[in-house]
Amino acid sequence: MEMNDKVNLLINVLAEMMNVKKQEKFVAHERNLLDTNDVKSMFRISDRTLRRWRNKKLLKSVIIVGCLYYRREDVMSLMVSKFRDEIK
């Protein structure tokens with residue numbers, strides 16, 4: 484296989500990977516899911532805190548193509564409960 488063939492193959496593989504990633508984002512949006520970065524920025528928390536919340540079952544995650552997502556309604560429910568705890 485020549486160098487040009489290898490480069491073209493690599494370009495095609497990368498293009499296909501990018502297409503899969505776009506489809507994944509579309510599916511997540513259609514299912515009303517938030518990704519890890521969305522949740523971290525909403526709560527202003529670190530990766531570790533989000534991991535602890537998952538381990539404590541405060542938030543359930545869904546894995547789509549190797550990425551974690553969270554149901555928007557679960558996130559909003561947790562946000563309301565955290566807000567109520569701060570007010571008390």
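Residue numbers for the sequence shown follow my numbering, so the first one is 484 and each next one is one higher. Just so it is clear, CB atoms sit at the ideal spot from N, CA and C, and this is done for glycine as well.
Residue i burial status per 10 Å Cβ neighbour count (16 or more: buried)
i, result
"Val522", "buried"
Closest residue to residue i among the options (Cα-Cα distance)
i, options, result
"Leu517", "Asp568, Leu561 and Tyr552", "Tyr552"
"Ile546", "Lys539, Lys565 and Thr519", "Thr519"
"Lys565", "Val548, Val496, Glu485 and Met525", "Met525"
"Lys540", "Ser529, Leu561, Cys550 and Leu497", "Leu561"
Pair within 8 Å by beta-carbon distance, residue i and residue j
i, j, result
"Leu542", "Asp557", "yes"
Backbone CA spacing between residue i and residue j [nearest angstrom]
i, j, result
"Met501", "Ile570", "44 Å"
"Arg537", "Ser544", "7 Å"
"Lys555", "Asn515", "A quick correction: the sequence has Arg, not Lys, at residue 555. The alpha-carbon atoms of Arg555 and Asn515 are separated by roughly 6 Å."
"Cys575", "Asp530", "Residue coverage of the chain in this structure runs from 484 to 571, which leaves residue 575 outside it and unanswerable."
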